[in-house]
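Numbering (the working numbering), first residue to last: 594 to 700. All residues carry an ideal CB built from backbone N, CA and C; glycine is no exception. Heads up: the structure comes next, in structure tokens.
So, in structure tokens, the structure goes:
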């Protein structure tokens with residue numbers, strides 16, 4: 594009885610260790626989903642302040658770049674209804690939006 598409890602306990606610890614390693618790897622490669630969503634929301638607010646309406650924005654896609662500098666890992670891409678084939682990239686640095694591609698002013 595004691596030996597089977599030890600084996601079960603060891604098996605549980607091994608499974609938890611593998612899961613922890615996988616989650617750490619997953620966050621390192623793919624980023625924190627909450628931060629990606631936050632970057633999308635920041636860009637949405639930024640565009641509204643800039644003068645765009647919700648109907649003008651086709652899509653905002655947040656991304657995580659694990660190769661980028663420490664405080665520039667989160668950013669994304671924006672598409673507008675007026676030019677659906679053109680993507681504008683941005684990054685977030687110190688909580689502020691930096692446009693990598695110049696986003697035109699709304700018409």
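**Message:** For a test of the three-state rule: what should DSSP assign to residue 645, helix, strand or coil?
**Reply:** coil
**Request:** Within its chain, find whatever has a CB closer than 6 Å to the CB of residue 665; leave out the 5 residues flanking it on each side and keep chain order.
**Result:** 684, 686
**Message:** Closer than 8 Å is the cut-off here; do at least three beta carbon pairs connect the region 674-682 with the region 623-633?
**Reply:** no
**Asked** Do you know whose CA, among 662, 671, 608, lies nearest residue 641's CA?
**Response** Considering only alpha carbons, the answer is 671.
**Message:** At the level of alpha carbons, what is the spacing between residue 649 and residue 659?
**Reply:** 30 Å
**Request:** List the endpoints of the continuous alpha helix (DSSP H) containing residue 610.
**Result:** 595-623
**Item:** residue 669 and residue 646 closer than 8 Å at C-beta
**Value:** no
**Message:** Given the structure, does residue 608 come close to the ligand FMN, in the sense that its CB is under 7 Å from one of the ligand's heavy atoms?
**Reply:** With respect to the ligand FMN, the structure shown offers nothing to examine, as it has no ligands at all.
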